[in-house]
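Peer 1: Sharing a structure with you now.
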Amino acid sequence: MDFACLWLGLLLPLVAALDFSYHHQEGMEAFLKSVAQNYSSITYLHSIGKSVKGRNLWVLVVGRFPKEHRVGIPEFKYVGNMHGDETVGRELLLHLIDYLVTSYGKDPEITNLINSTRIHIMPSMNPDGFEAVKKPDCFYSNGRENYNQYDLNRNFPDAFEYNNVSRQPETLAIMKWLKSETFVLSANLHGGALVASYPFDNGVQATGTLLSRSLTPDDDVFQHLAHTYASRNPNMTKGDQCKNKMNFPNGVTNGYSWYPLQGVKGQVFDQNGNPLPNVIVEVEDRKHICPFRTNKFGEYYLLLLPGSYTINVTVPGHDPHLTKVVIPEKSQNFSALKKDFLLSFQGQVDSILVSNLSCPMIPLYKTLQSLSAATKPSLFLFLVTLLHIFFK
9 MDFACLWLGL
19 LLPLVAALDF
29 SYHHQEGMEA
39 FLKSVAQNYS
49 SITYLHSIGK
59 SVKGRNLWVL
69 VVGRFPKEHR
79 VGIPEFKYVG
89 NMHGDETVGR
99 ELLLHLIDYL
109 VTSYGKDPEI
119 TNLINSTRIH
129 IMPSMNPDGF
139 EAVKKPDCFY
149 SNGRENYNQY
159 DLNRNFPDAF
169 EYNNVSRQPE
179 TLAIMKWLKS
189 ETFVLSANLH
199 GGALVASYPF
209 DNGVQATGTL
219 LSRSLTPDDD
229 VFQHLAHTYA
239 SRNPNMTKGD
249 QCKNKMNFPN
259 GVTNGYSWYP
269 LQGVKGQVFD
279 QNGNPLPNVI
289 VEVEDRKHIC
299 PFRTNKFGEY
309 YLLLLPGSYT
319 INVTVPGHDP
329 HLTKVVIPEK
339 SQNFSALKKD
349 FLLSFQGQVD
359 SILVSNLSCP
369 MIPLYKTLQS
379 LSAATKPSLF
389 LFLVTLLHIF
399 FK
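Right, dumping it as structure tokens:
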């Protein structure tokens, strides 16, 4: 009997659910390391850098192939606790991790999701700020900023104006991380308002600021995602329930419409490093100032709603390749439409590789004058699918 009791005691820590309390750095690290050890076939834990005080910025990757990039597996990213006193997102992401790993092999939808994607989860971008919070407040607390008293949500390069703030270690770690992965979609969890906010958060006349908004070329997709997210939360759909009494129809807002904000993480330019070769991909009616480029594996991902699109693929020094792609109305969950291009290169490939086509870290939209496609109204439908283009 004594042996049986002891054996049960040893097993409990492996099967006990994550408790509903705030987890400081030590407890969060213990949980993440436990998940990585007990679910090693579908998780990978690593640190992308350190905070000012030397705390690790942990990222847990959840996916069937967690440690290595696999062609055709899209990457998703969640970041929480950018403001140290906005703590709910931190705990939500820990519970998301717990839900994903414990549902794998039991819930068909979650199993399919983990087998088909890689989900990168950073519960806390600002661990120093979290540890500094002594008495949380609904509006503002010590600990919102990092240890150097910088607001990390205003510390990134801006697409519309120069942001000359001193880049913080946490910010630089995120920027380096963005260059190392090809993220298809990302979300940043904040606290203090109950709303799904979509980009842009800053803008110019060409993006619609005269109409009190600032829209990206992918506004149809962003609006669809925001409405889909809000529709799953009845309180969010009703509008903001917090004390600030803000009115958000259907629980959704454009970031600029809420209030203009410089240097937010959502406007960081994601540069896919070391493309082989430098191939530029553009979609008709989505004229991004800095064109998308394939990653080093020749992949290009884009979220598109159902419809017909013209794809323009170009290599420096070669004629563009145009093709039409139709995204169907119905598709399987987590599926991706794949389109292969086989391009013949003329001349030396080395001469193409050395060309520097990286997006400049300057306000790309600063001099934009004419109205862009983003400011035109568009009908968004009820299915999002992935367009996956890669080169053999």
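Take 9 as the starting number for the sequence shown in this note's numbering and just add one per residue. Where is the CB? At the ideal position from N, CA and C, for every residue including glycine.
(1) For V197, list the residues DSSP reports as bridge partners.
(2) Please look up how many angstroms separate the CB atoms of S59 and P135, rounded, as I've assumed it's under 8 angstroms.
(3) Tell me which residues share the same chain as T217 and place their Cβ nearer than 7 angstroms to its Cβ, disregarding the 5 neighbours each side in the sequence.
(4) So, with DSSP's three-state summary, where would you put T302?
(5) I'd like the span of the alpha helix (DSSP H) that includes L330, first residue to last.
(6) Indicate the three-state DSSP secondary structure (helix, strand or coil) for A25 in the structure shown.
(7) Entirely within the stretch 162 to 197 and at least 3 residues each: give me those beta strand (DSSP E) ranges in chain order.
(8) Would you kindly work out how many angstroms separate the C-alpha atoms of I319 and K347, rounded to a whole number?
(9) Along the chain, where does the alpha helix (DSSP H) containing F208 start, and where does it finish?
(10) How would you label P82, buried or exposed, when you count the other beta carbons within 10 angstroms and need 16 or more for buried?
(11) Alpha carbon to alpha carbon, how far is A204 from N243?
(12) Counting beta carbon pairs with one atom in the stretch 44 to 59 and one in the stretch 79 to 97, are three or more of them shorter than 8 angstroms?
(13) Can you give me the Cβ contacts of F28 inside the same chain, cut-off strictly under 7 angstroms, excluding the 5 residues immediately before and after it?
(14) Just verifying my parser: in three-state terms, what is the DSSP assignment at S55?
(15) So the beta strand (DSSP E) G71 belongs to, where does it begin and stop?
(16) For L372, which residues of its own chain have a beta-carbon under 7 angstroms away from its beta-carbon, when the five flanking residues on both sides are left out?
(17) For the beta strand (DSSP E) that contains N262, what are its first and last residues?
Peer 2: Well, looking at it:
(1) It should be noted that the sequence gives Leu, not Val, for residue 197. Answer by DSSP bridge pairing, in chain order: G88.
(2) Correct: roughly 5 angstroms between the Cβ atoms.
(3) Once the five neighbours on either side are set aside, the close Cβ partners of T217 are G211 and Y264.
(4) coil
(5) Not the alpha helix (DSSP H): L330 falls in the beta strand (DSSP E), residues H329 to I335.
(6) Here DSSP, grouped into helix, strand and coil, assigns A25 to coil.
(7) 191 to 197
(8) 10 angstroms
(9) Careful: F208 lies outside any alpha helix (DSSP H) and carries neither H nor E.
(10) buried
(11) 12 angstroms
(12) no
(13) none
(14) strand
(15) N64 to G71
(16) A167, I297 and C298
(17) V260 to N262
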